[in-house]
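Participant: Shown below is the structure under consideration.
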Amino acid sequence: MYWEKAPGGLIRCTLCPKFCSLRPFERGNCRVRVSLENRLATLVYGRPCSVAIDPIEKKPVFHFLPGSTAFSFATAGCLLACRYCQNWQISQANPEDLDSEDLPPEAAISAAARSGCRSIAYTYTEPTIFYEYMLDTARLAREAGLGNIVISCGYINPEPLAQLTPFLDVMKVDLKGFTQRFYRTVCGGTLDPVLKTLEGLSHTKVLIDVVTLVLPTLNDDMATMEKMFRWLHEKLGPDISLFLSRFHPTFQLRNLPPTPEETVAKLREKAMQIGLRYVYVGNSTGHEGENTYCPNCHKVVIGRVGYQLTENHIVKGVCEFCKTAIPGVWE
Numbered sequence: 069m070y071w072e073k074a075p076g077g078l079i080r081c082t083l084c085p086k087f088c089s090l091r092p093f094e095r096g097n098c099r100v101r102v103s104l105e106n107r108l109a110t111l112v113y114g115r116p117c118s119v120a121i122d123p124i125e126k127k128p129v130f131h132f133l134p135g136s137t138a139f140s141f142a143t144a145g146c147l148l149a150c151r152y153c154q155n156w157q158i159s160q161a162n163p164e165d166l167d168s169e170d171l172p173p174e175a176a177i178s179a180a181a182r183s184g185c186r187s188i189a190y191t192y193t194e195p196t197i198f199y200e201y202m203l204d205t206a207r208l209a210r211e212a213g214l215g216n217i218v219i220s221c222g223y224i225n226p227e228p229l230a231q232l233t234p235f236l237d238v239m240k241v242d243l244k245g246f247t248q249r250f251y252r253t254v255c256g257g258t259l260d261p262v263l264k265t266l267e268g269l270s271h272t273k274v275l276i277d278v279v280t281l282v283l284p285t286l287n288d289d290m291a292t293m294e295k296m297f298r299w300l301h302e303k304l305g306p307d308i309s310l311f312l313s314r315f316h317p318t319f320q321l322r323n324l325p326p327t328p329e330e331t332v333a334k335l336r337e338k339a340m341q342i343g344l345r346y347v348y349v350g351n352s353t354g355h356e357g358e359n360t361y362c363p364n365c366h367k368v369v370i371g372r373v374g375y376q377l378t379e380n381h382i383v384k385g386v387c388e389f390c391k392t393a394i395p396g397v398w399e
């Protein structure tokens with residue numbers, strides 16, 4: 069799925085903006101898609117290397133079935149190479165180098181139902197690389213009444229995205245920075261395809277969450293972030309969820325300090341001044357930015373500490389106090 073023959077006996081993958089052209093037996097940048105017998109094959113269909121039951125707040129997803137759990141899985145590999153990846157042990161690995169389990173789509177749905185999960189989350193690495201597995205599972209999940217949540221870097225071409233979105237409830241996109249230089253030097257990609265994905269999602273019914281991990285000295289300058297906030301407000305509207313998350317040293321960026329709480333607090337304030345209504349602080353347990361506030365009366369409508377709910381004042385989709393509608397799926 070999503071490949072074409074190219075001159076010189078090559079197979080060209082058309083799933084993501086990298087458009088890898090592969091010789092026989094060669095793998096794409098993602099490590100899991102390979103040219104075999106004049107076609108493109110996947111090495112990870114139904115073979116996740118990581119499976120867990122997570123609070124939906126861990127994704128983070130705050131405006132879809134709060135307090136519920138998501139049956140979560142990932143395969144090896146990724147199409148980017150972020151120098152700060154917290155899951156680098158699996159994202160930067162070949163599938164044959166990791167233990168995996170046999171979990172075809174039907175088994176994933178059954179396991180989710182047995183576990184009392186209300187949704188499936190395609191997460192931990194980059195779900196685009198296991199697109200066929202994700203798509204087949206999402207179709208079955210929709211038939212079974214389960215939600216579908218994709219946790220993605222947004223690096224996917226428009227056609228496969230359009231085929232996937234009818235089955236999705238939420239897509240959380242990591243907008244890792246807002247300059248081409250950052251994407252090129254820190255992530256091994258480019259910015260424009262991610263913006264294109266976000267704009268494409270804005271024309272669907274999928275709930276859009278945007279997460280930016282704030283890295284000291286690399287993507288935290290106020291001028292650039294303000295441009296990003298204004299772009300989000302103009303292109304996606306005021307009601308998306310934006311998460312500004314603190315960085316903790318990991319992988320190839322252990323030399324950087326953790327993000328100061330003051331930095332994310334100031335960025336959150338600026339984003340809300342620009343008009344974004346639901347701006348959250350991530351990786352900072354107990355911060356007021358973990359809560360959801362009514363944009364009209366400004367009272368806490370969902371209180372959170374870490375992944376735990378402390379209060380919920382959304383009744384039938386509206387603020388219990390002033391009856392203002394709060395966008396999301398709450399029941």
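Residue numbers (this note's numbering): 69 to 399. We treat Cβ as the ideally placed atom computed from N, Cα and C, and that holds for glycine. These numbers come from a predicted model, not from an experiment.
1) Is the segment 281–299 touching the segment 158–168, taking contact as three or more C-beta pairs under 8 Å?
2) Taking the straight line between their C-alpha atoms, what separation do you get for R95 and C88?
3) Which word fits P363, buried or exposed, when buried means at least 16 other C-beta atoms lie within 10 angstroms of its C-beta?
4) List the whole-angstrom C-beta distance separating M69 from Y199, where the pair is believed to meet the contact cut-off of C-beta under 8 Å.
5) Can you grab the Cα-Cα spacing for the pair D307 / E105, in whole Å?
6) Do I217 and Y190 have their C-beta atoms within less than 9 Å of each other?
7) Does the beta-carbon of G131 have 16 or more other beta-carbons within 10 angstroms, so that it is buried, or is it exposed?
8) Does the ligand MG have a heavy atom nearer than 8 Å to the CB of I219?
9) Does DSSP put G350 in a helix, a strand or coil?
10) Once the 5 residues before and after G77 are set aside, which same chain residues still bring their CB inside 6 Å of it?
11) Going by CA-CA distance only, name the one from C81, E174, H301, P395 that's closest to T196.
12) With DSSP collapsed to three states, give me the class of G215.
13) For L133, which residues of its own chain have a beta-carbon under 7 Å away from its beta-carbon, when the five flanking residues on both sides are left out?
14) At the level of alpha carbons, what is the spacing between P116 and N155?
15) Would you call K367 buried or exposed, if buried means 16 or more other Cβ atoms sit within 10 Å of its Cβ?
16) Between the alpha carbons of V248 and L259, how many angstroms are there, rounded?
17) Beta-carbon separation of E194 and L236 under 9 Å?
18) Could you check how far apart the C-beta atoms of S309 and Y361 are, in whole angstroms? I think they sit under 8 Å.
19) Look at the alpha carbon of P92 and the alpha carbon of C255, and state the distance between them as a whole number of angstroms.
20) Report back the beta-carbon spacing between I121 and T143 to the nearest angstrom; my notes put them in contact at under 8 Å.
Facilitator: Put simply:
1) Verdict: no, contact absent.
2) When rounded, the separation of the alpha-carbon atoms in R95 and C88 is 9 Å.
3) With a threshold of 16 other beta carbon atoms within 10 Å, P363 meets it and is buried.
4) Taking the Cβ atoms as the reference, M69 lies roughly 7 Å from Y199, within the contact range of under 8 Å.
5) So the two alpha carbons sit approximately 47 Å from each other.
6) Taking 9 Å as the Cβ cut-off, I217 and Y190 qualify as a contacting pair.
7) A small fix is needed here, since residue 131 is His in this sequence, not Gly. So H131 counts as buried.
8) Summarising the ligand content, the structure contains no ligands, and the ligand MG is consequently not present.
9) The three-state secondary structure of G350, taken from DSSP, is strand.
10) Within the same chain, and ignoring the five residues on either side of G77 in sequence, no residue has its Cβ closer than 6 Å to its Cβ.
11) The shortest C-alpha separation from T196 is found at C81.
12) G215 falls in the strand class under three-state DSSP.
13) Contacts found: I124, R186, S187, G215, V397.
14) Here the alpha carbon of P116 sits roughly 14 Å from the alpha carbon of N155.
15) Counting Cβ neighbours within 10 Å, K367 comes out exposed, since fewer than 16 surround it.
16) Sequence check: residue 248 is Gln here, not Val. Their backbone Cα atoms lie some 5 Å apart in a straight line.
17) Contact flag unset, no.
18) Not a contact, Cβ separation roughly 12 Å.
19) So the two alpha carbons sit approximately 27 Å from each other.
20) In this structure I121 does not touch T143 by the C-beta definition: roughly 18 Å separates them, more than the 8 Å allowed.
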